[in-house]
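Taking the working numbering as reference, the numbering of the sequence shown is continuous, increasing by one, and the terminal residue is 894. Every residue, glycine too, gets a C-beta built ideally from N, C-alpha and C. For clarity, every value in this text was computed on a predicted model and none was experimentally measured.
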Amino acid sequence: MLRHAGLRRLWAGDLVSMLGDWLTYVAVGVLAIEHGGALAVLGVLLAHTVPRALVAPWAGRVADRHDRRTVLVLGSMVRGATVLGMVVAASADACGWVQALLVARMAAGAFVDAAAGAAVPRLVPSAVLPEAHALLGTTWSVVFGVGVAAGGVVTAVVGPVGALVADAVTFFVAAAIYAGLPRLDPSRDGDDSGRARRWSEVLAYVWARPSLRRAALTKGPVMLANGVAFVLAHAIAGREQGAAVAMTLGTLHLWRAVGTGIGPILWIRIRALRGTETGLRAALGVVVLGVGTFVAADGVALLWGLAWSLGWLGALLWGLGVGAHWATAAARLQQLTPDPLRGRLTAIDLVVHTAGQGLGGLLGAMVLALLACRPTPRHEPIATVPTSTNHEPEPTPTSTPRPLTLEQRLDAHAVTADDHVRLVLYTWTTPLQIEALRAGGPLLVADASTGGHASPFNRRLAEMVEQRRPGHEIAALLHERPGLTKRRYAWPSPFGTVLGKGPQRYGSALIRVELRPQAVFAALDPSVDPPWRFHDGRGRIVSEAEILAEPGRLGVVYHQQLGAHESIPFREHVLCNEAMVAKWSVGTAEIRERVEAERALMLELAEGPFGEAAAAAFTAVERWQAWPQWIDPLPPPTLLSRWHRTLAFDNARYRPTPAHLRAIADALADYDPTGPELWGPAPSDSGSGNASQASR
């Protein structure tokens, strides 16, 4: 086929630009996984599909009215310019701008696609169109495989920005290659269909011809399944961390590319499938089988080896079916379409397949949600003792409650940016500080100078006040107002902070703190405007104006420092107002049972799903990143992501390997009650009980 000079040049230009495309396919996917999880991945898919679908009608009309060579050259140059903009945005860690510029790039790509699709029948005889499209499809798969594999390596080594730079260069090189094509003005010869100029006439022409109508619409179901597979592939890769995300995603796409190369060659060699509607239906069946295999792979997330085997098998079948269907559908459409309408028929084909892929992405996200649905969050993750203080026996239950699954038990400890309000918090400390509490000292003792240096939280407040950043009024209250300047740092689950953020543990004694329902929880995120969000203990939204009018309602700040630039991303609940504490306790049976329950959970995880097989996978991961799960609003798709959502510190000692989990369990076993039970302030209903005596 490459003996046709025009097709050879079109093929070379496509090859170069596609290589750049697939280099950044992994880069943009990794940016999405790192900065927003499942929603950001869906955003990438929609950015790849929706703009092309919206612009395609105009792109098709342009390709039918102007020299298609000129459209190819200008479209490629615009794409290169937008990718340079993506380089700047990615360098500034502005994932939103990366996706916005990706939209512009894909919109420009619609013009290139329409012009290229309309050009192929002008560059080869009609009799060899199936072979031409088989060549283009096979080339697509080979370049896809090389590109995504290289993209996985390049992104892992030089990062997403380096891959985007390479992509920009390829578009300008492709424009230079396209410039050598002959002029490709639309033909005005043929039947009277060439006089159809308005879209209404084009659609009427297509609708009146059933074979052409089916050829124009046939990619819809296949691309619906393709969108589902796209999201599920990212979910499988999202189980990994750091460089392993890019490598896993690249490997899955490599298997997909192998299938895409096999499909067109296999279909043109079988007479019953070559360019026929039977071939289209068979290819659709293979795609559906591949997507079903992906769903099975995501559903057996705990069985690491099986999940991985099903993942690559699903990718292979997915690619085989899509490749065969794509080449067959493209050849049929161009054989049945007169040249003056080929740009617009290519546009219809583009609208159908991109809209189908976008809807498929939404369906894929829904599949993930169904595979990972979880119970409604609660304030106290694990109830271990009755809340009443009388000694009457509890009513005998009429039936034994069903034991909670591991997923449900981890979900009970989960904290995210949108679900962080907890009325019960735990804070590790030293026996010396407990003695100070027994002597009548305050609960909140840390200030901006404790330890000889300001904490990250206090430094952030000071910067907001000094630089008068958005939200500095609230920061000033917490930084300067009496009653709000003392701190104690806490977390909803003792195991989440027992090992500490740095080399030292915080202590072996534990305080349980219960907040008043009217206490206001402030969430601080300086990267957005406004940087503060407020909810009371019942979950009701509170306005900033209410806090400025009644600052004494502030009780806790949910503070997080996230991002790849942080040496150890972390988050914390900062207790800042002792007046909003309903009660606190030390050395109680309730605390002992809570610690023991968490210790048992750690050991069960170490001996079960996070056993030695999982440890081998984690050992190969250079960069540990749990924090993206802290800001992902979708339900967690795997047990590993559920574990991530329980953590306060994104450091190596919290990797869920057997050794680390046993270290957490050992640290919990070191819990020191430090003496008799201690309560403060004394509960109003325990004036004569032992707890109140111990609190004096």
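- Under the DSSP assignment, alanine 402 falls in the alpha helix (DSSP H) whose first and last residues are 397-405.
- Contact between threonine 535 and leucine 410 is confirmed by a C-beta separation of about 7 Å, below the 8 Å threshold.
- In its chain, beyond the 5 residues on either side, Gly556 have a beta carbon closer than 6 Å to the beta carbon of valine 248.
- Within 10 angstroms of the beta-carbon of serine 398 lie fewer than 16 other beta-carbons, which makes it exposed.
- Note that the C-beta distance between glycine 517 and glycine 457 is below 8 Å.
- Within a 10 Å sphere around the beta-carbon of glutamate 875 sit 16 or more other beta-carbons, which makes this residue buried.
- In the same chain as alanine 313, and ignoring 5 residues on each side of it, the C-beta atoms closer than 6 Å to its own belong to Ala261, Arg266, Val269 and Leu270, in chain order.
- Contact between proline 728 and glutamate 742 is confirmed by a C-beta separation of about 7 Å, below the 8 Å threshold.
- DSSP, reduced to helix, strand and coil, places phenylalanine 808 outside both helices and strands of the structure shown, so it counts as coil.
- Secondary structure of threonine 614 (DSSP, three-state): strand.
- Taking a cut-off of 8 Å on C-beta distances, the region 635-652 does not touch the region 791-810, as fewer than three cross pairs fall below it.
- For isoleucine 789, the closest alpha carbon among the candidates Ala522, Trp626 and Gly477 is that of Trp626.
- Bounds of the beta strand (DSSP E) holding alanine 688 are 686-688.
- Look at isoleucine 466 here: in three-state DSSP terms it is helix.
- Residue nearest to leucine 760 within the set Arg467, Ala857 and Pro654 is Pro654 (criterion: CA-CA distance).
- The C-beta of tryptophan 841 has 16 or more other C-beta atoms within 10 Å across all chains shown, which makes the residue buried.
- Ranked by Cα distance from alanine 413, the first of Ser765, Gln533 and Lys699 is Gln533.
- Under the DSSP assignment, phenylalanine 655 falls in the alpha helix (DSSP H) whose first and last residues are 654-664.
- By the neighbour-count criterion, in which 16 or more other beta carbons inside 10 Å mark a residue as buried, valine 726 falls on the exposed side.
- Note on isoleucine 862: 16 or more other CB atoms within 10 angstroms of its CB, so buried under the neighbour-count rule.
- Per DSSP, reduced to three states, the secondary structure at glycine 307 is helical.
- One thing to note: alanine 688 has its Cβ no nearer than 8 Å to the Cβ of tyrosine 756.
- Excluding residues up to 5 positions away in sequence, Arg797 lie with their Cβ nearer than 8 Å to the Cβ of alanine 867 in the same chain.
- Aspartate 609: not part of any beta strand (DSSP E); member of the alpha helix (DSSP H) spanning 604-609, first to last residue.
- Assigned with DSSP and collapsed to three states, isoleucine 829 falls in coil, not helix or strand.
- Our two residues, valine 253 and arginine 259, have alpha carbons roughly 10 Å apart in a direct line.
- Between alanine 251 and phenylalanine 309 the beta-carbon gap is near 13 Å, outside 8 Å, which marks them as no contact.
- Distances from the CA of glycine 273 to each of Phe370, Tyr704 and Leu282 were compared; the closest alpha carbon is that of Phe370.
- In the three-state reduction of the DSSP assignment, aspartate 365 falls in the helix class.
- The beta carbon of aspartate 848 lies closer than 7 Å to those of Ile766, Pro767, Phe768, Trp822, Gln823, Ala824 and Trp825 in the same chain, with the five residues before and after it left out.
- In the DSSP annotation of this structure, the continuous segment of the alpha helix (DSSP H) that includes valine 285 starts and ends at 266-289.
- Between the C-alpha atoms of valine 549 and proline 255 there is a straight-line separation of about 8 Å.
- A direct Cα-Cα distance of roughly 45 Å separates threonine 491 from aspartate 383.
- Classified as exposed, glutamine 665 has fewer than 16 neighbouring CB atoms from the shown chains inside 10 Å of its CB.
- Assigned with DSSP and collapsed to three states, arginine 710 falls in strand.
- In terms of CA proximity to glycine 873, Glu633 leads the group His858, Glu633 and Leu415.
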